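Colleague: Following full-length UniProt numbering, the numbering of the sequence shown begins with 1 at its first residue and continues without gaps.
The beta-carbon is built from N, C-alpha and C at its ideal position, and this holds for glycine as well.
This structure is a prediction, so every number in the text was calculated from the model and none was measured.
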Amino acid sequence: MQLRLDVDVQKLEAEKLRKGKNKAEEDLDKIKEENNRADQWKKKFQDARVREDALKRDLIESQNKKVGMKARVAELEKSLHQYCTRNSAIELKVSLNKIEELKGKIRELEAALQNCELRVELLETNNEHWKEQLQRSQCQIKDKDYIMGEAVSQVREVADHLQTLAVQADMLSLKYESEGIEVQN
Numbered sequence: 001m002q003l004r005l006d007v008d009v010q011k012l013e014a015e016k017l018r019k020g021k022n023k024a025e026e027d028l029d030k031i032k033e034e035n036n037r038a039d040q041w042k043k044k045f046q047d048a049r050v051r052e053d054a055l056k057r058d059l060i061e062s063q064n065k066k067v068g069m070k071a072r073v074a075e076l077e078k079s080l081h082q083y084c085t086r087n088s089a090i091e092l093k094v095s096l097n098k099i100e101e102l103k104g105k106i107r108e109l110e111a112a113l114q115n116c117e118l119r120v121e122l123l124e125t126n127n128e129h130w131k132e133q134l135q136r137s138q139c140q141i142k143d144k145d146y147i148m149g150e151a152v153s154q155v156r157e158v159a160d161h162l163q164t165l166a167v168q169a170d171m172l173s174l175k176y177e178s179e180g181i182e183v184q185n
């Protein structure tokens with residue numbers, strides 16, 4: 001009767017171990033899933049950084065064009081001054097048209113520059129958001145890795161204990177069988 005209870009207890013412990021193992025495997029799958037999500041966030045973060053770098057290059061290029069245009073406007077204004085001293089109405093009108101045209105281009109470039117600056121600010125904000133998200137994901141993964149390590153350690157301890165119980169059960173079984181044989185003789 002006692003042997004049967006021991007076997008039942010061992011079966012219950014083995015069932016608990018199987019459930020613990022299944023839970024540990026589920027947690028491991030969740031960690032793998034979190035790792036995949038973290039990799040996806042890293043990829044999105046890298047893509048955003050590439051876009052940000054491209055926009056910064058565009059911004060610098062626009063700023064350089066703006067400087068060039070301002071220099072050109074200054075040059076044209078100087079030319080205009082020279083034409084004014086010659087009292088050339090036709091040349092003056094052409095220069096004014098060019099100046100107005102360049103001023104229009106400058107306004108367009110300034111609008112484009114402002115647009116680029118806004119996009120850069122937006123990307124920087126998004127970049128910060130992605131960094132925070134990545135840090136949160138990494139913390140979650142660390143926590144889950146620690147929990148999984150603890151669970152695996154406990155499963156190993158229980159498995160070792162079960163192994164010991166199985167050996168003891170085998171020894172008891174052999175002992176009872178040998179005692180049963182001696183009693184019959």
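Would you call the segment 57 to 64 and the segment 111 to 124 in contact, with 3 or more CB pairs under 8 Å?
Modeller: yes
Colleague: Quick one: measure Cβ to Cβ for Leu-92 and Leu-80, integer angstroms, because I've assumed they're closer than 8 Å.
Modeller: 7 Å
Colleague: Answer with buried or exposed for Ser-95, where buried requires no fewer than 16 other C-beta atoms within 10 angstroms of its C-beta.
Modeller: buried
Colleague: If you draw a straight line from the C-alpha of Glu-157 to the C-alpha of Asp-47, how long is it?
Modeller: Note on geometry: alpha-carbon atoms of Glu-157 and Asp-47 lie some 45 Å from one another.
Colleague: In angstroms, rounded to a whole number, what distance separates the CA positions of Ala-74 and Leu-102?
Modeller: 11 Å
Colleague: Might you give, ordered along the chain, the residues of its own chain that have their beta carbon closer than 7 Å to the beta carbon of Ala-130, omitting 5 neighbours on each side?
Modeller: Here the sequence assigns Trp to residue 130, which means Ala is not the residue at that position. Result list for Trp-130: Trp-41, Lys-44, Phe-45 and Ala-48, in chain order.
Colleague: On a Cα-Cα basis, can you pick out the residue from Val-9, Lys-144 and Lys-66 that is closest to Gln-112?
Modeller: One point to set straight first is that residue 112 is Ala, not Gln, in the sequence displayed. Per the Cα distances, Lys-66.
Colleague: So within the segment 130 to 180, which uninterrupted beta strand (DSSP E) runs reach at least 3 residues, ignoring any that extend past its ends?
Modeller: none
Colleague: Output yes or no for whether 8 Å exceeds the beta carbon distance between Ala-38 and Met-148.
Modeller: no
Colleague: Note down, in chain order, each residue of its chain lying with its Cβ closer than 7 Å to the Cβ of Met-69, except the 5 sequence neighbours on either side.
Modeller: Leu-102, Lys-105, Ile-106 and Leu-109
Colleague: Please report the Cβ distance between Gln-10 and Leu-134, rounded to the nearest whole angstrom; I am assuming they are in contact, meaning their Cβ atoms lie under 8 Å.
Modeller: With 8 Å as the limit, Gln-10 and Leu-134 do not qualify as a contact, their Cβ atoms being about 47 Å apart.
Colleague: Do you know how far the Cα of Glu-26 is from the Cα of residue 205?
Modeller: Shown here, the chain extends from 1 to 185; a query on residue 205 therefore has no answer.
Colleague: For Asn-126, I'd like the list of residues in its chain whose CB is within less than 6 Å of its CB, leaving aside the five on either flank, ordered along the chain.
Modeller: Ala-48
Colleague: Does the distance from the C-beta atom of Asp-145 to that of Ile-31 stay below 8 Å?
Modeller: yes
Colleague: Would you report the Cα separation of Lys-21 and Leu-123, rounded to the nearest angstrom?
Modeller: When rounded, the distance between both Cα atoms is 44 Å.
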